[in-house]
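Worksheet: one structure, shown below.
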Ligand SMILES: Nc1ncnc2c1ncn2[C@@H]1O[C@H](COP(=O)(O)OP(=O)(O)OP(=O)(O)O)[C@@H](O)[C@H]1O
Ligand SMILES: Nc1ncnc2c1ncn2[C@@H]1O[C@H](COP(=O)(O)OP(=O)(O)OP(=O)(O)O)[C@@H](O)[C@H]1O
Ligand SMILES: [Mg+2]
Ligand SMILES: [Mg+2]
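Chains as they are written, first to last, in this note's numbering: chain W, 5 to 439; chain V, 7 to 451.
As structure tokens, this is what we get:
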């Protein structure tokens, strides 16, 4: 009786701990919880901190771009630095106002409204009318200075998806922010985040000349063993986990997992296509979702399955669900592509090609009327597997509209192999060198 | 039932109920459940589900969210012709009417996120909130930043929210040039022939045995499977042709078990149906009349039966209803009638000067195609028809003179239509599809 009860209690504890594991790891993979330390980008982080400190402490204005691919940690680095500025610089009274604008602010007018709001200056602005954008911005910065001590701090502007602001009319916001950062109006730091390496080329000359040309790159040149280490670290439980014995076991399990040969192979494949944190997190989230109290550890098979999901070819999946008629039309298009070297085709040509195939066959199982074929053709177009050639106007009759096939040879052949109960003659037709 | 769904966060009966409603989709439902995880935890910021039409994407999401009582907003990108409607619907579903009214006129993305954040600071999510976007491919045609913003909405609003996008187009065709937050991509595979057989057989007619109906479905699939795998269309075809299948039985010519004879009777009929009803080139009425003509010619004369009333394909009926509503309701009131969670709005609010005259006296007004479709998709609800066939159905309604096309010489690309049927007629049509049209007519509010 008592042993049964103990077992029950142990199970309860175990369930609770698992709940914690899911909570912590999901916060990491799904919620982009800030890591304790910006691992692997210490130099870049330090560089940014130095710049911001100069603004915060010495009132020096600055501008800088952080450039790196998606999911590489641009937001993470900027948040880490911004937060640090807010909380624990040498002199706590030297805090900064942190303003963030991003892809939500689709034009500069909206952006300025957002900046006003984030500076809590809506009341100060009231319904004043400004002659220009610059005037408005100057008013905001001036209002900050006049205010109480806490709001007269330097301002840190973070522009996420910086390249989008370069597409705004006249690049007004960029021009004005950079202009302020060059004049002695008020201490500001402008930090742009972007994944475009060519971003400077988007800037107008007058904007570009006001930018400091400082760039911090987050382009990691990772070795595979560093990558493996990243994966391990992402899956590991922190030292702060409530039950250290449990955490040790879990981390041990992760260690073993990462040493597995098949796991290493899978990870190598992912490493070859992307090394950023986010793609790792997506893969690991799929693994984590396969963990439950009934199956409490990540097994190599889970990683294999997760990887299969990540890498599966979407178009092949869609081809699998086409009707046999639609598949035949695709094959006919493939033959047309082979014969005419990728020139666009129309439905009549495709139908004709299909008829040639039917003539060679004795049974008439696939004899469909033109309208049925038209409907199949339209379905392929709706799925965007074929696409009308630009400029071929909607005025031409549907059966003569020029189209292109959006699939390549290997995708079609692979789909044929996987197609359920594909008739042999259709397969042979697909493989024959000419229609 | 092969696999029963399992999840520690929900009671077993509940999961059982879910599983029963999702035959042949247990794997996908299980996968989604485990990705969603415990309600209190975070789930992945965005999930993209793709698969062929009628592969159960909307159905699975709907059943899961409904049965497990998870907070969610479902937005159909066809219905939401403007982003304003989209924003309103999300705010309404999560925070109630008042929240939606905080949006300024023609709100920007920035306004939406600001209101969302403000609301969720009052009522932060205790459980993951889900936003389901149906027909997400249409998001590509709106404001360029909308899709990227939705994909990382969790980061932008700092709430426990997950956006689920449903589409029949693959994810690669969505990705913007400069990339975006990549969603988790899941595939709903097409139903195999066996699975279609299993799902369709569930609709069996109460006065016939399950085996009998199942053998009917088997024959139907034999004819249509090579051209059509769309569950929705197959279901429609099955319903339309079943009485014909039963005819020899009613006449006492064959027994239920005599599958071969039944097959011989129905097969040519189905083959003809493929050329006509499947393509929606003629209405079911014309189809049935054609059938009768043939029977006359072969001497098999039948007495005048229930065929005197007009019989239209299922979706054509809804199209006609939508057209009627579009013709007789002022466009301003569409939101009141067709947005799912509209607040209580009294008629007086809409009343303008000189508008006391009933539209039923003035006659139908012309409407644009967009509006027709928006209303159509909202009245037809979850039973959505494929868009391609809708256009052919509209033209067949025009051919039948139930709709008339109003030509505008200066606007060649945007044809307008009027509904040309009487109130009695539309009421009769509505009754056959259990749609209470009077409730949706502004004049009878
Ligand atoms: N050095 C790091 N150590 C640990 N985790 C990191 C590190 N860098 C980034 N991450 C994590 O990787 C994820 C993606 O990072 P982040 O959101 O900063 O990318 P990003 O460069 O801003 O991407 P995007 O261009 O899409 O905005 C986050 O969950 C972040 O916490
Ligand atoms: N597994 C199933 N069991 C029972 N009914 C199903 C099943 N799958 C789909 N259905 C029914 O088929 C119809 C179409 O399904 P659903 O609307 O979910 O398709 P969809 O994948 O969302 O298609 P679309 O891409 O056109 O939106 C619905 O009426 C739904 O109830
Ligand atoms: Mg970012
Ligand atoms: Mg759907």
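Think of the CB as a built atom: it goes at the ideal place given N, C-alpha and C, for glycine as much as any other residue. The model shown is predicted, which means the values in this text are computed figures rather than measured ones.
Taking Cβ positions only, does residue 96 (chain V) come closer than 8 Å to chain W? One-based indexing of the second chain puts residue 96 (chain V) at position 90. Not an interface residue.
The beta strand (DSSP E) enclosing residue 86 (chain V), as first and last residue numbers: Translated into positions along the second chain, residue 86 (chain V) becomes position 80. Judged by DSSP secondary structure, residue 86 (chain V) falls outside any beta strand (DSSP E); it is assigned neither H nor E.
Which value, in whole angstroms, describes the spacing of the CA atoms of residue 128 (chain V) and residue 139 (chain W)? Here residue 128 (chain V) corresponds to residue number 122 of the second chain, with the count starting at 1. Here residue 139 (chain W) corresponds to residue number 135 of the first chain, with the count starting at 1. Each residue's alpha carbon lies about 35 Å from the other.
Reference residue 448 (chain V), options V:440, V:335 and V:46, closest by Cα: The residue labelled residue 448 (chain V) in the question sits at position 442 within the second chain. Ranking V:440, V:335 and V:46 by Cα distance to residue 448 (chain V) puts V:335 first.
Do you know whose CA, among W:254, W:417, W:388 and W:330, lies nearest residue 408 (chain W)'s CA? Counted from its first residue, the first chain places residue 408 (chain W) at position 404. Out of W:254, W:417, W:388 and W:330, W:388 has the C-alpha closest to the C-alpha of residue 408 (chain W).
Is there a Cβ from chain V that is less than 8 Å from the Cβ of residue 336 (chain W)? Stepping through the first chain from its first residue, residue 336 (chain W) is reached at position 332. When Cβ-Cβ separations below 8 Å define contact, residue 336 (chain W) makes no contact with chain V.
Along the chain, where does the alpha helix (DSSP H) that runs through residue 388 (chain W) open and close? On the first chain, residue 388 (chain W) is found 384 positions in, with the first residue counted as 1. Here residue 388 (chain W) belongs to no alpha helix (DSSP H), and DSSP marks it neither H nor E.
Buried or exposed: where does residue 374 (chain W) fall if 16 or more other Cβ atoms within 10 Å of its Cβ makes it buried? As a working note, residue 374 (chain W) is residue 370 in the first chain. Residue 374 (chain W) comes out exposed.
Are residue 403 (chain V) and residue 326 (chain V) touching if we call contact CB-CB under 8 Å? Residue 403 (chain V) sits at position 397 when you count from the first residue of the second chain. Residue 326 (chain V) sits at position 320 when you count from the first residue of the second chain. Cβ atoms of residue 403 (chain V) and residue 326 (chain V): closer than 8 Å.
If we cut at 8 Å on Cβ distances, does residue 430 (chain W) have a partner in chain V? On the first chain, residue 430 (chain W) is found 426 positions in, with the first residue counted as 1. Not one chain V Cβ lies under 8 Å of residue 430 (chain W).
Please identify the residue among W:83, W:235 and W:9 whose C-alpha is closest to the C-alpha of residue 291 (chain W). For the purposes of this step, residue 291 (chain W) is taken as residue 287 along the first chain, with counting starting at 1. When only C-alpha atoms are compared, the closest one is W:235.
Any heavy atom of ligand 1 closer than 7 Å to the Cβ of residue 105 (chain W)? Here the question's residue 105 (chain W) lines up with position 101 in the first chain. Answer for residue 105 (chain W): no, Cβ out of range of ligand 1.
Cutoff 8 Å: residue 178 (chain V) Cβ touching any chain W Cβ: Start at 1 with the first residue of the second chain, and residue 178 (chain V) comes out as number 172. Interface residue, yes.
Kindly provide the ranges of any alpha helix (DSSP H) runs that are 4 or more residues long and lie completely inside the region 20 to 83 of chain W, ordered along the chain. With a minimum length of 4 residues, the continuous alpha helix (DSSP H) runs that stay inside the region 20 to 83 of chain W are 46 to 62.
Proximal residues, the region 44 to 55 of chain V versus chain W, C-beta separation under 7 Å: Within the region 44 to 55 of chain V, 44, 47, 48, 49, 50 and 51 place their CB atoms closer than 7 Å to a CB of chain W, listed in sequence order.
Using DSSP with H/G/I as helix, E/B as strand and the rest coil, what is residue 227 (chain W)? Working through the first chain from its first residue, we reach residue 227 (chain W) at position 223. In the structure shown, residue 227 (chain W) sits in coil (DSSP, three-state: anything other than H, G, I, E or B).
Name the chain V residues whose beta carbon is nearer than 8 Å to that of residue 316 (chain W)? Residue 316 (chain W) sits at position 312 when you count from the first residue of the first chain. The contacting residues are 193.
Please classify residue 219 (chain V) as buried or exposed, where buried requires at least 16 other C-beta atoms within 10 Å of its C-beta. Indexing the second chain from 1 puts residue 219 (chain V) at position 213. Classification for residue 219 (chain V): buried.
At 7 Å on the CB atoms, spell out the chain V contacts of residue 30 (chain W), in chain order. The count along the first chain starts at 1 and reaches residue 30 (chain W) at position 26. From the beta-carbon of residue 30 (chain W), the residues of chain V found nearer than 7 Å are 43, 47 and 48.
Does residue 67 (chain V) have its Cβ less than 8 Å from a Cβ in chain W? Locating residue 67 (chain V) in the second chain gives position 61, counting from the first residue. Not an interface residue.
With residue 157 (chain V) and residue 115 (chain V) assumed to form a contact (beta carbons below 8 Å), what rounded beta-carbon distance in angstroms separates them? Numbered from 1 along the second chain, position 151 holds the residue referred to as residue 157 (chain V). Numbered from 1 along the second chain, position 109 holds the residue referred to as residue 115 (chain V). Not quite, the Cβ-Cβ distance comes to about 13 Å (not below 8 Å), so this is no contact.
For residue 309 (chain W), go through chain V and note every residue whose CB falls closer than 7 Å to its CB, in chain order. Counting from 1 along the first chain, the entry for residue 309 (chain W) is found at position 305. From the beta-carbon of residue 309 (chain W), no residue of chain V is found nearer than 7 Å; the closest lies around 10 Å away.
What residues does ligand 3 have around it, judged by CB closer than 7 Å to any heavy atom, in chain order? That gives W:78, W:79, W:164 and W:197.
Can you list, in chain order, the residues of its chain whose CB lies under 6 Å from that of residue 320 (chain V), leaving out five sequence neighbours each side? Along the second chain, read from residue 1 onward, the residue named residue 320 (chain V) stands at position 314. Result list for residue 320 (chain V): 242, in chain order.
With a CB to CB cut of under 7 Å and the five nearest residues on each side skipped, what residues in its chain are close to residue 109 (chain W)? If you number the first chain from 1, residue 109 (chain W) lands on position 105. Contacts found: 115 and 118.
Three-state secondary structure assigned by DSSP to residue 452 (chain V): Nothing about residue 452 (chain V) can be reported from this structure: the residues present for chain V run from 7 to 451 only.
Count Cβ pairs between the region 71 to 90 of chain V and the region 133 to 146 of chain V that sit closer than 8 Å; are there 3 or more? Per the Cβ contact rule, the region 71 to 90 of chain V is in contact with the region 133 to 146 of chain V (3 or more Cβ pairs under 8 Å).
What does a CB cutoff of less than 6 Å around residue 128 (chain W) pick up in its chain, not counting 5 residues either side in sequence? As a working note, residue 128 (chain W) is residue 124 in the first chain. Only 147 meet the Cβ criterion.
Would residue 521 (chain W) be called buried (16 or more neighbouring beta carbons within 10 Å of its own) or exposed? Residue 521 (chain W) is absent from the model: chain W starts at 5 and stops at 439.
Can you confirm whether the region 404 to 419 of chain W touches the region 84 to 92 of chain V when touching is taken to mean that 3 or more C-beta pairs between the two stretches lie within less than 8 Å? no
According to DSSP, what are the bridge partners of residue 373 (chain V)? Locating residue 373 (chain V) in the second chain gives position 367, counting from the first residue. The partner list for residue 373 (chain V) (beta bridge, DSSP) reads V:423.
Beta-carbon gap between residue 197 (chain W) and residue 7 (chain W) smaller than 8 Å: One-based indexing of the first chain puts residue 197 (chain W) at position 193. One-based indexing of the first chain puts residue 7 (chain W) at position 3. No.
DSSP three-state label for residue 2 (chain W), please. In the structure as shown, chain W starts at 5 and stops at 439, and residue 2 (chain W) therefore has no counterpart that could be examined.
If the criterion is Cβ atoms closer than 8 Å, does the pair residue 323 (chain V) and residue 396 (chain V) meet it? Start at 1 with the first residue of the second chain, and residue 323 (chain V) comes out as number 317. Start at 1 with the first residue of the second chain, and residue 396 (chain V) comes out as number 390. No, the Cβ-Cβ distance between residue 323 (chain V) and residue 396 (chain V) is not below 8 Å.
Members of the region 211 to 237 of chain V that neighbour chain W once the beta carbon cut-off is set at 8 Å: So the close ones are 231, 232, 233, 234 and 235.
Should residue 94 (chain V) be labelled buried (16 or more other beta-carbon atoms within 10 Å of its own) or exposed? Position 88 of the second chain, counted from the start, is the residue given in the question as residue 94 (chain V). Buried, since its Cβ has 16 or more Cβ neighbours within 10 Å.
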